[in-house]
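Participant: Going down the list, the sequences are from chains P and E.
For the first sequence, my numbering begins at 101 and goes up steadily by one.
For the second sequence, my numbering begins at 101 and goes up steadily by one.
C-beta atoms are modelled at their ideal positions from N, C-alpha and C, and glycine is treated no differently.
Remember, it's a predicted structure, so these values are computed and weren't measured experimentally.
There are 2 protein chains.
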Amino acid sequence: MELSERKKKILQYVIDDYIQTAVPVSSKSITEKHLTTVSSATVRSELSTLEELGYLMQPHTSAGRVPSIEAYKLYVSELMVKEKLSEKELEYIEEAFTNRSKDVDDILKSAAKVISELTQYTSVALSARDSEEIIRSVKMFRVRKSEALLVIVTDNKLLKDSVIALPDGMTDDTLGELNQLLENVISGKTFNEICSMKFSETVEEFQAYKEVFFKVVEALREYIASEGEVVLEGEEKMFAHPEYSDIDNVKSLMSVVTSKDKLVDLMSADGKDIMINIKIGSDGYDDIPSDCSVVTATYLTNGVKIGTYGVIGPTRMDYKKVVSVLENVGKILESIVSKW
Amino acid sequence: MELSERKKKILQYVIDDYIQTAVPVSSKSITEKHLTTVSSATVRSELSTLEELGYLMQPHTSAGRVPSIEAYKLYVSELMVKEKLSEKELEYIEEAFTNRSKDVDDILKSAAKVISELTQYTSVALSARDSEEIIRSVKMFRVRKSEALLVIVTDNKLLKDSVIALPDGMTDDTLGELNQLLENVISGKTFNEICSMKFSETVEEFQAYKEVFFKVVEALREYIASEGEVVLEGEEKMFAHPEYSDIDNVKSLMSVVTSKDKLVDLMSADGKDIMINIKIGSDGYDDIPSDCSVVTATYLTNGVKIGTYGVIGPTRMDYKKVVSVLENVGKILESIVSKW
DNA sequence: GTTAGCAGTCAAGGGCTTCGAGTGCTAACA
DNA sequence: TGTTAGCACTCGAAGCCCTTGACTGCTAAC
Numbered sequence: 101m102e103l104s105e106r107k108k109k110i111l112q113y114v115i116d117d118y119i120q121t122a123v124p125v126s127s128k129s130i131t132e133k134h135l136t137t138v139s140s141a142t143v144r145s146e147l148s149t150l151e152e153l154g155y156l157m158q159p160h161t162s163a164g165r166v167p168s169i170e171a172y173k174l175y176v177s178e179l180m181v182k183e184k185l186s187e188k189e190l191e192y193i194e195e196a197f198t199n200r201s202k203d204v205d206d207i208l209k210s211a212a213k214v215i216s217e218l219t220q221y222t223s224v225a226l227s228a229r230d231s232e233e234i235i236r237s238v239k240m241f242r243v244r245k246s247e248a249l250l251v252i253v254t255d256n257k258l259l260k261d262s263v264i265a266l267p268d269g270m271t272d273d274t275l276g277e278l279n280q281l282l283e284n285v286i287s288g289k290t291f292n293e294i295c296s297m298k299f300s301e302t303v304e305e306f307q308a309y310k311e312v313f314f315k316v317v318e319a320l321r322e323y324i325a326s327e328g329e330v331v332l333e334g335e336e337k338m339f340a341h342p343e344y345s346d347i348d349n350v351k352s353l354m355s356v357v358t359s360k361d362k363l364v365d366l367m368s369a370d371g372k373d374i375m376i377n378i379k380i381g382s383d384g385y386d387d388i389p390s391d392c393s394v395v396t397a398t399y400l401t402n403g404v405k406i407g408t409y410g411v412i413g414p415t416r417m418d419y420k421k422v423v424s425v426l427e428n429v430g431k432i433l434e435s436i437v438s439k440w
Numbered sequence: 101m102e103l104s105e106r107k108k109k110i111l112q113y114v115i116d117d118y119i120q121t122a123v124p125v126s127s128k129s130i131t132e133k134h135l136t137t138v139s140s141a142t143v144r145s146e147l148s149t150l151e152e153l154g155y156l157m158q159p160h161t162s163a164g165r166v167p168s169i170e171a172y173k174l175y176v177s178e179l180m181v182k183e184k185l186s187e188k189e190l191e192y193i194e195e196a197f198t199n200r201s202k203d204v205d206d207i208l209k210s211a212a213k214v215i216s217e218l219t220q221y222t223s224v225a226l227s228a229r230d231s232e233e234i235i236r237s238v239k240m241f242r243v244r245k246s247e248a249l250l251v252i253v254t255d256n257k258l259l260k261d262s263v264i265a266l267p268d269g270m271t272d273d274t275l276g277e278l279n280q281l282l283e284n285v286i287s288g289k290t291f292n293e294i295c296s297m298k299f300s301e302t303v304e305e306f307q308a309y310k311e312v313f314f315k316v317v318e319a320l321r322e323y324i325a326s327e328g329e330v331v332l333e334g335e336e337k338m339f340a341h342p343e344y345s346d347i348d349n350v351k352s353l354m355s356v357v358t359s360k361d362k363l364v365d366l367m368s369a370d371g372k373d374i375m376i377n378i379k380i381g382s383d384g385y386d387d388i389p390s391d392c393s394v395v396t397a398t399y400l401t402n403g404v405k406i407g408t409y410g411v412i413g414p415t416r417m418d419y420k421k422v423v424s425v426l427e428n429v430g431k432i433l434e435s436i437v438s439k440w
């Protein structure tokens, strides 16, 4: 059943007010603040049909109304009026990303911080592992006598993670040859391709150090198989919201937020090309407490995932604010990365 | 005034019991569990003198006794009987550090995790920045056309943090020359020496790219000036302790734990060569809430700081357990690092 | 110095009452 | 048919009182 315009308006008022105040919304307050042309009794009867339709709930008989999960969903998809960020906020975002080292990890941290600061919710950033990303360069640099640092360059990233042990007596020249081989065989391919390749013929000419070669391949495979890095920001911000004055709620949210696995699970967007993804309430996600929402955005440049960012907080979340912040951060992020 | 043996024993019983149960300790429970030879009235009179001396407090008239900050201090320095870790626990520590990449950051994380798991408190690890550490090697590796990765090797660490922009048209040969210069001028010196050096003559021969040279020097100086990395583990563990069933306590502890500056401040050992450092209660440290304790250990190899590790939790902390865990982790850590 | 006995204190918890915000229902009106 | 005023009803929140029980401090005797 399609809701009448007035019902939609009233529902929107209830949700907006509730998001702001965290107090059940009464018929009287609606007629006072928004719908001054009708009486509270009229609103009351509208509210009671909205309740029958499953959009509103009463904590108890003599209380105002509180939105249901259904209502939040409708709100996000239809009712919500997106917020424009203030000049100050836009500047703040801009500033946070200028003069930043171009490292993905740094960007991850900055983004998490900005999002948490502007939304006042706990934010999560997850660096992406996109197996379709093209490897532009793989090189080993000798850092100690028998250790080399493996550096992988892709369009979006510069990885410098694995330290690889070199066999005794490997000369700089041999290392150079090996690097040349790596360049020839691996550069230009995606991680996926590397994973499915065999390399048996490729390395024939290089018997002596094939062991090291396979260590490199192994490191590439391990990288793409591993879950991305997770950054958390503003854990303490949850305390500002009244739902987390109850210790049990804090506990259950904390248990999610401190578990990397659960977070990765939550952040995995189930949408295809949907950029912004909203998970409300228990809604089938076992990992989040039932009164929790997660809003995430996955950013792409040139079709390659650069990361997933989001906030986690009470169902009564300021969705319009969060969505605006995520969209704006996304724009800047993509403009930075695409410059590389 | 020196306490009688019996008073010391009784005080120890009170503290041990209180650490375990979090409930004020009554005279009766002491005679039942520990001092079966005397009556509760006797213990009562001892307790009341211990209270006069400032070692014990009563939450209210008809409650048992609770240790004061003074009592905890005495406990830690004299009364406490150090705990031997179980075989299982020792194995757990051992295992956590085997098959680990030799990266300082990884070790930092592992250590924080182990400490938190074994003590069941929130743990903090702070990677040290020791300006007396000798730089063994500084090298730039070209990763993109106009970007080089700066890798710094010291006895204890492998740093690969800064990406340095190269001027257009810098050839590999020039980069090689620059690396040679870096090797000549910087290797073998401490960070401190680098900071106070001028380099004006050194680079005369290298006018063309002195700009890049100074970027490298700048990166070294920045590194040593920056505060170390902070790793936090087991934030959620604080909820297991009854003092943190009160939301306000959680808030105030969280506000410390989520602020890097405050943590760095707290972790800075004020001891000279004291390895284990205990800060109890408000005790002059503005940053910690008054009912908090911080126990830290600073580990050295070859006289160089490798990091500071510790736990933060309620004043009613299981000091003997924490100290044992920190000591054992320290041993393993040093044996690993000294192998490099 | 130690002990038994007893009176005194105080937090915790259960039950009771009051207060007020907000609703549902109904009858009347446009 | 939609809107409104009025009134009775409901129920959580907060305050209050009382009971209970766990301790202690004190005192007098050993």
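1. Let me know if Q112(E) comes out buried or exposed under the rule of 16 or more other beta-carbons within 10 Å of its beta-carbon.
2. Listing by chain order, which chain E residues have their CB less than 9 Å from the CB of I347(P)?
3. What is the DSSP secondary structure of A122(E), counted as helix, strand or coil?
4. Of the residues that make up the segment 352-371 of chain E, which ones have a beta carbon closer than 9 Å to any beta carbon in chain P?
5. Which residues of chain P have a Cβ atom closer than 9 Å to the Cβ of L150(E), listed in chain order?
6. Using CA coordinates, which residue listed in Y323(P), K209(P) and V224(P) is at the minimum distance from L250(P)?
7. Quick check on this structure: which residue in L190(P), E293(P) and E329(P) has the alpha carbon closest to the alpha carbon of D261(P)?
8. Compare the C-beta of D373(P) against all C-beta atoms of chain E and say whether one is closer than 8 Å.
9. Taking A196(E) and V214(E) to be in contact with their CB atoms under 8 Å, please state how far apart those CB atoms are, rounded to whole angstroms.
10. Indicate the three-state DSSP secondary structure (helix, strand or coil) for K372(E) in the structure shown.
11. With a 10 Å radius around its C-beta and 16 neighbouring C-beta atoms as the bar for buried, classify K372(E) as buried or exposed.
12. Please tell me whether R144(P) has its Cβ less than 8 Å away from any Cβ of chain E.
13. Can you give me, in chain order, the residues of the segment 270-284 of chain E that have a beta carbon less than 9 Å from any beta carbon in chain P?
14. Just to confirm, are S237(E) and V253(E) a CB contact at a threshold of 8 Å?
15. Do A212(E) and Y409(E) have their beta-carbon atoms positioned less than 8 Å apart in this structure?
16. Quick one: Cα of M354(E) to Cα of K289(P), how far?
17. Let me know the alpha helix (DSSP H) ranges lying completely inside the segment 323-359 of chain E, each 4 residues or longer, listed in chain order.
18. I'd like to check one pair, L282(P) with A248(P): are the Cβ atoms closer than 8 Å?
19. Let me see if you follow: with CB-CB separation under 8 Å, is K260(E) close to chain P or not?
20. Spell out whether any CB of chain P is found under 8 Å from the CB atom of V263(E).
21. Where does M417(P) land, buried or exposed, given buried means 16+ other C-beta within 10 angstroms?
22. Could you have a look at K379(P) and say whether DSSP puts it in helix, strand or coil?
23. Quick check on the DSSP output: what are the complete alpha helix (DSSP H) runs of length 4 or more inside the segment 220-297 of chain E, in order along the chain?
24. Going by C-alpha to C-alpha distance, which of Q158(E), T161(E), V285(E) and R229(E) sits closest to S326(E)?
25. Residues of the segment 315-336 of chain E in Cβ contact with chain P at a cutoff of 8 Å, in chain order, please.
26. Determine the direct distance from the alpha carbon of Y221(P) to that of A335(P), and round the result to whole angstroms.
27. Would you check if there are 3 or more beta carbon pairs closer than 8 Å linking the segment 137-147 of chain E to the segment 102-120 of chain E?
28. Are the segment 397-408 of chain P and the segment 424-431 of chain P touching by the rule of at least three beta carbon pairs closer than 8 Å?
29. Taking 8 Å as the threshold (beta carbon to beta carbon), is E244(E) in contact with chain P?
30. Are at least three pairs of beta-carbons, each pair with one atom in the segment 178-198 of chain P and one in the segment 121-136 of chain P, less than 8 Å apart?
31. Along chain E, which residues have their Cβ under 7 Å away from the Cβ of D203(P)?
32. Can you give the beta carbon distance from I412(P) to C392(P), rounded, assuming they're within the 8 Å contact cut?
33. When the distance is taken between beta carbons, is D203(E) closer than 8 Å to N402(E)?
34. Report yes or no: is there a C-beta of chain E within less than 8 Å of the C-beta of F241(P)?
35. Determine, using beta carbons only, whether L249(E) comes closer than 8 Å to chain P.
Facilitator: On the basis of the coordinates in this document:
1. With at least 16 other beta carbons inside 10 angstroms of its own, Q112(E) counts as buried.
2. What I347(P) touches in chain E: F339, Y344, S345, D346, I347 and V350.
3. Note: A122(E) maps to coil in three-state DSSP.
4. In summary, the residues of the segment 352-371 of chain E whose CB is separated from some CB of chain P by less than 9 Å are M354, S355, V357, T358 and S359, in the order they occur in the chain.
5. In chain order: nothing, as chain P lies at least about 33 Å away.
6. When Y323(P), K209(P) and V224(P) are compared, the shortest CA-CA separation from L250(P) is found for Y323(P).
7. Nearest Cα to D261(P) within the set L190(P), E293(P) and E329(P): E329(P).
8. Caution is warranted here: a pLDDT of 47 is assigned to D373(P), below 50, making its placement in the model unreliable, and the coordinate value is therefore given only provisionally. Any Cβ of chain E closer than 8 Å to the Cβ of D373(P) would place that residue at the interface, and such an atom is absent.
9. Sure, about 5 Å apart at Cβ, within 8 Å.
10. Confidence is the limiting factor: at K372(E) the pLDDT is only 49, short of 50, which leaves the residue's position unreliable, though a coordinate-based value still follows. Reduced to three states, the DSSP call for K372(E) is coil.
11. Residue confidence is low: K372(E) scores 49 on pLDDT, short of 50, so the model does not pin down where it sits. Its coordinate-derived value is still stated next. Exposed, by the Cβ-count rule.
12. Taking Cβ atoms only, chain E never reaches closer than 8 Å to R144(P), which makes this a no.
13. Interface annotation for the segment 270-284 of chain E against chain P: empty, criterion Cβ-Cβ distance under 9 Å.
14. Cβ distance < 8 Å, so S237(E) and V253(E) count as in contact.
15. Cβ distance < 8 Å, so Y409(E) and A212(E) count as in contact.
16. One C-alpha to the other measures close to 46 Å.
17. Complete alpha helix (DSSP H) runs here, min 4: 347-357.
18. Not closer than 8 Å, so no.
19. At least one beta carbon of chain P lies nearer than 8 Å to the beta carbon of K260(E).
20. Among the residues facing chain P, V263(E) is included, as its CB has a counterpart in that chain under 8 Å away.
21. It counts as buried.
22. Three-state DSSP puts K379(P) in a strand.
23. Taken in chain order, the complete alpha helix (DSSP H) segments of 4 residues or longer contained in the segment 220-297 of chain E are 272-286 and 291-296.
24. Distance check between S326(E) and each of Q158(E), T161(E), V285(E) and R229(E) places R229(E) closest, using alpha-carbon atoms only.
25. Answer set for the segment 315-336 of chain E: G334, E335 and E336.
26. First, the residue type needs correcting, since residue 335(P) is Glu and not Ala in the sequence shown. Those two C-alpha atoms are separated by around 8 Å.
27. Yes: the two stretches touch, three or more of their Cβ pairs being nearer than 8 Å.
28. Verdict: yes, contact present.
29. Inspection of the sequence shows that residue 244(E) is occupied by Arg rather than by Glu. Look at R244(E): its C-beta is under 8 Å from a C-beta on chain P.
30. Per the Cβ contact rule, the segment 178-198 of chain P is not in contact with the segment 121-136 of chain P (fewer than 3 Cβ pairs under 8 Å).
31. V263, listed in chain order.
32. Correct: roughly 7 Å between the Cβ atoms.
33. Contact flag unset, no.
34. Yes, because at least one Cβ of chain E sits closer than 8 Å to the Cβ of F241(P).
35. Yes, its Cβ sits closer than 8 Å to a Cβ of chain P.
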